[in-house]
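Numbering of the sequence shown is given in the working numbering, commencing with residue 4 and proceeding in unit increments. Where a beta carbon is used, it is the ideal one built from N, C-alpha and C, also for glycine. Computed from a prediction, not measured in an experiment: that's the story for all the values here.
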Amino acid sequence: MKTIIKLYCLLFVFISVAANTNTAVAQTTYQLTGTVADSVTKQPLGYITINVKSSDDIAIKATLSKPNGQFSLDGLNAGKYKLAIVAVGYQPKYMAFELTNKSLQLEAIYLAENIKGLKEVTITGDRPIVKQQADRITYDLQADPESKSSNVLNMIRKVPFLSLDADNNVLLKGNNSFKVLINGKPSSMADNNLKAVLQSMPASTIKSIEVITNPPARYDAEGMAGVINIITNKKVDNGFKGTLNANENLPVGGPALGTSFSLKQGKFGATGYGGASYNKQPGTGYLNTRATFGQSTSNLVQSGNDKATGRNGYFGTELSYEIDSLKLLSGQFNISGNHDNRHSDQSTLVTAPATILQQYSLQSLNISDGNGFDAGLNYQLGFKADKSKLLTLSYSYNNYNNDQLNDINLFNTINYSVPNYKQDNHTGNREQTLQADYVQQVKKLYIEGGVKAILRNNQSKFNYLQQDSITGAYDIYTPFSDAFNYKQDVFGAYNSYRLNLATWSFSGGVRMEETVVKANFLSTASIVDQNYFNVIPTIAINKEFKDRSSISFGFNQRIKRPSIRRLNPFVDRSNPNFESTGNPNLRPVISNNLQLGYNGSGKLSVTTALSYSFLNNIDLRIFTVDTTTNITYTTYKNTGKASRLGLDYNMRYPITNSWNVSVNGNMEYFEIEGLVGTQVIHNYLLGGSVSAATGYRFDKGWMVNANASYLSRRVTELQGTGNSAFRTSVSVNKDLIKNKLSMSAFVNNPFTRFRDNTTNTKGPDFVQVNTTYEYFRSFGVSLNYNFGQLKSEVKKGARGINNDDVSN
C-alpha cells in the first residue's frame, strides 16, 4: 500500500425507498396554509415544527414545513386559534389567528429576533430541548433552565446517549471510545483533559450538545461510539453580547469562573469562550488488596490516604471576515493549561503463610503540568452561477505538552531494597492538518466530497533516577530511561450523498483512510513500521410523520487507532507494586454498528434507540502478576472480541407550564472475551444507568431542580468490574434581573458524605480489589450574568477541520 492515496474515487450510494400511503379522510371545510422563511436571507425553511393550539393552549394539530417552506393544515373547525412555530436556531414564533373562511393563507412568516407578525400571544413550554436527525440528536442547553446553575459535566447526565461512570468520566452509549469536538473542531484541551474542562465549564456558556451516533463520511472514522460536539454560545450579530458565570463548590472542588462572548462590527465577527477553576480534594483514604494462588500464594495489603489540588484554565475564540458575498475567511484559536498535585502516604505489606515477603512505607508526590494550543484557518468560496456550490480549504496546527513527575520516598522497609527514586516523563503531541471540502446540491440531492492529510509527531522522553544511599544524589538509571518517537500520518478521502424528500431523508457515503506509522526508541533501531488501509461505509435513513414523530436507521463502521497514552512504553512506577505501560505495537480496531431509533416530540418527548455493536482484535488492558517481584503489571494487547446490545432512552414531560420531569438512561448487555497469558477470560454483564430530573418554576423568578441517578455494577476491563453508584442533587435558582442576572445554590448527595469506589480485577492466578474513599456530599453557589446587545447576523464558515480520528 502506498503512503499517500493518489487516486480519489467518488463512490455513489443509491438508496431507493418508496412509501405511498393513501388514507381516506373526511373532507373538512377549513384549511390553514402558509410559508416559513429566514428573515435575513429570505430563504425558505424546511422541516420547521408548526403547532396549532386552541385558545386555551390545548394541542389541536401539528405538521412540518416542506423543503420549500410551505405548510398546510386541514381538518380545522371555525374559531380562534394560536399558532406556535418552533425551530432550533431560531426564535420561536407565536401568533393568534381566526378561521372564518374555508381557507386562510397566512402571509410569509419570517423567523428571527424581534419580528412581529400577527397578534402575538404568550405560550410556554414549546421550545424543543431534544431534536433528532437521521445521524444525531441535539440537546438544547439554553432551553433547559438548570443550565444556569450547573456545569457541563453535570448536564451530561440529561443528554440522550450520554452518561457518567462512577468516576465522572463521560460515556457515549456506555463506551469511553469517542471523539469530542468544540464548535465542530478538535481541541487539545478536550482531547487531553476532558473531565476537568467540562467540570469547570459553565453550562450557561454552551448553546447545545450534539451527539452524533452515526457520523457521516465527512467525519474521520475514529471513535467507536461516535462524536460529541459541544457548541458554545456563538451567534454573532452587530453589537456585543456575553455571559459571565462564577461558582464555588465545597468541600470538594473550589471556585470557577467562565465566560462567553459574541461581537460583530461590519464584516468582522468574533466569538469566544473561556474559564478557569481551582480544584481541591481533601485527604481521603484508599485500600488495595491482592491475593495470588496456585504454585505461589501471597497476600498484598496497601492502605493509605491522599489529597490533591489542581488548577485548570482555557480560552477559545473564532474569528470571521466577509471578503464579499462569496468569500469568507475564518479562523480559530484555543489555548489551555492545567497543573495538578497529589500527595500520598502509604503502607504496604506482602505476606505468604507465616512469612513477611515485603514491607515498606512511602510518601509520594505526583505532579502533572499540561499546556496546549491549536489554531486553524479556513477559506470558503462560493459560486455565483450556483449558490449551492461551496469550496473550503483549511489548515490547522495542534500542539500539546505534558510533564509528569513522580517522587517516591521509602522507609520502614523489610525485605525491600529499592532505593528512593524519581520518574519524569515529558510528552509532546504535535499535528498538522490540511483539508479540502466541496459541496454541491443537484435538485434534492446534496453531494459532499473531500480529501485530508493529518501529520502527527508524538514524543516521550522519560527518566528514572535512583538516590545514592551515601551521597543522597539522584542518578539516572539507564535501563529504565529512554526516549520514544512516534509518527503517524493519516491520508483520507470521502464522498457522501444526502437526499431530502417530503418526509424521508437518506444519507450515505464512504470514507477511505490510509495510515502510516513509524516509531523508534532513542536507544534502539526502529521497532514499529505499520501501514494499513481502511474503507469505512455509513448509511442513515429517517422517516418523519405528521404527528412530528420520526424513526431512523443507521449503519456505520468505526475505527479506533491507539492513542499515545496506550502506545507510550513509559512505565509508570508511582506505586511500586503496580506498574503500567503502553504497547507501541498496537493495531487499530474496527467496529460495526447498527442503530434503530425513534423520536416523538409531542407533549411527551421521547427519544430512544436500539443498537448493536460488535468488534474483533480489541486493544485490551491486560493485568498479570509476577509472584517473584510481587508486582501487578498492566499493558495493552490486541486480543479478544466484544459485543454490546443496548437500549438508550430519554423522556421529557411537562406536567404543567411550570413543572417538568425527564428521564435519561440506558440498558445494555455487554460481553467481552480475551486472552490473558494462555487462558481465555470471559466477562459479561447486564446493566445500565438511569438519571431522573424534575424542575418547578415558581412566581417571581424562583425555580427548584432535583436530580437522582443510578449506575449499575459495570464491566470496566476484560478482567475487571466496578461497583454501582447512586447520586442525588438539589438546586434552587432565582432570577434577580430577568434575562440578565440569576443566582443559584445547590447540594450534591445531601444524604451521603462519603462513597466507596471499588474495582475488582481477576486473573488466572490472582484476585485484586482497589477501593478509594471519596467525598460525596458537596455544596455550591453560582452567579450567572448576561450582558450586551446584538442586532444582525453575520456569516460563519460552513466547513472546517474535524480531526476526530483518534480516541482516548
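Asked: Using three-state DSSP, classify serine 727 as helix, strand or coil.; Found: coil
Asked: Which full runs of the beta strand (DSSP E) of 3+ residues lie inside the region 647-727, going along the chain?; Found: 662-679, 682-700, 705-714, 723-725
Asked: Between which two residues does the beta strand (DSSP E) carrying valine 39 extend?; Found: 33-41
Asked: With three or more beta-carbon pairs closer than 8 Å as the criterion, would you say the region 765-774 touches the region 728-739?; Found: no
Asked: Less than 7 Å between C-beta atoms, sequence neighbours within five positions excluded: which residues of the same chain meet that for alanine 206?; Found: Leu144, Ser150, Ser153, Asn154, Val155, Met158
Asked: Label arginine 590 either buried or exposed according to how many other C-beta atoms from any shown protein chain fall within 10 Å of its C-beta, with 16 as the threshold for buried.; Found: exposed
Asked: Taking three-plus beta-carbon pairs below 8 Å as touching, is the region 490-507 in contact with the region 216-230?; Found: yes
Asked: Taking 9 Å as the threshold (C-beta atoms), are glycine 512 and proline 540 in contact?; Found: yes
Asked: Between which two residues does the beta strand (DSSP E) harbouring alanine 294 extend?; Found: 271-295
Asked: From the DSSP secondary-structure annotation, give me the bridge partner or partners of threonine 627.; Found: Tyr636
Asked: From the DSSP output, which residues share a beta bridge with lysine 151?; Found: DSSP, once it has assigned bridges, lists no residue as partnering lysine 151.
Asked: How far does the alpha helix (DSSP H) with valine 519 in it extend, from its first residue to its last?; Found: Per DSSP, valine 519 belongs to no alpha helix (DSSP H); it is in the beta strand (DSSP E), 507-524.
Asked: Which parts of the region 310-358 are runs of the alpha helix (DSSP H), unbroken and 4 residues or longer, counting only runs that do not cross its ends?; Found: none
Asked: State the CB to CB distance for the pair arginine 624 and tyrosine 639, rounded to an integer number of angstroms; the pair is presumed to be in contact (CB under 8 Å).; Found: 6 Å
Asked: Check each candidate in Glu676, Thr474, Phe487 and name the one with the smallest Cα separation from phenylalanine 465.; Found: Phe487
Asked: Which residues in the same chain have their Cβ closer than 8 Å to the Cβ of proline 285, if we skip the five residues on either side of it in sequence?; Found: Pro254, Val255, Lys310, Tyr778
Asked: Expressed to the nearest angstrom, what Euclidean distance is found between the alpha-carbon atoms of serine 641 and phenylalanine 581?; Found: With the sequence shown as reference, residue 641 is identified as asparagine, and serine is not the correct amino acid for it. In a straight line, the C-alpha of asparagine 641 is about 21 Å away from that of phenylalanine 581.
Asked: Count the CB pairs spanning the region 454-471 and the region 422-436 that are closer than 8 Å, and state whether there are at least three.; Found: yes
Asked: CB-CB under 7 Å to phenylalanine 626, same chain, minus the five flanking residues each way: which ones, in chain order?; Found: Thr635, Thr637, Gln722, Thr764, Gly766
Asked: Can you tell me whether DSSP reads alanine 65 as helix, strand or coil?; Found: strand
Asked: Express the C-alpha separation of methionine 98 and threonine 36 in angstroms, rounding to a whole number.; Found: 14 Å
Asked: Compute the Euclidean distance between the alpha carbons of valine 609 and glycine 297, then round it to the nearest angstrom.; Found: 53 Å
Asked: What did DSSP end up calling alanine 220 once you bin it into helix, strand or coil?; Found: coil
Asked: Which runs of the alpha helix (DSSP H) fall wholly inside the region 538-590 and span at least 4 residues, in chain order?; Found: 567-570
Asked: Which partner residues of proline 47 appear in the DSSP bridge assignment?; Found: Ala40
Asked: Mark proline 219 as exposed unless 16 or more other C-beta atoms lie within 10 angstroms of its C-beta, in which case mark it buried.; Found: buried
Asked: Around the Cβ of serine 420, are there at least 16 other Cβ atoms within 10 angstroms (buried) or fewer (exposed)?; Found: exposed
Asked: Out of Lys96, Asn250, Ser364, Leu86, which has the shortest C-alpha to C-alpha gap to serine 785?; Found: Asn250
Asked: Who are the Cβ neighbours of asparagine 252 in its own chain at under 6 Å, not counting the five residues just before and after it?; Found: Ser781, Gly783
Asked: Can you tell me whether DSSP reads aspartate 759 as helix, strand or coil?; Found: strand
Asked: Among the residues of its own chain, which have a CB less than 7 Å from the CB of alanine 27, if the five just before and after it don't count?; Found: Because alanine 27 carries a pLDDT of 33, less than 50, the predicted location of this residue cannot be relied on, and the following value inherits that uncertainty. Once the five neighbours on either side are set aside, alanine 27 has no close Cβ partner at all.
Asked: Grab the span of the beta strand (DSSP E) containing methionine 98 for me, first residue to last.; Found: 96-102
Asked: Taking the beta carbon of glutamate 720 as the centre, do at least 16 other beta carbons fall within 10 Å, making it buried, or is it exposed?; Found: buried
Asked: Starting from the C-beta of arginine 569, find all residues in its chain whose C-beta is less than 8 Å away, skip the five residues before and the five after it, and write them out in chain order.; Found: Gly585, Asn586, Leu589, Asp622, Tyr639
Asked: Excluding the 5 residues preceding and the 5 following leucine 458 in the sequence, name in chain order all residues of the same chain whose CB lies nearer than 6 Å to its CB.; Found: Gln435, Asp492
Asked: Please say whether asparagine 537 and glutamine 2 have beta carbons closer to each other than 9 Å?; Found: Past the boundaries of the shown model lies residue 2; the chain is included only from 4 to 811, so the question cannot be answered.
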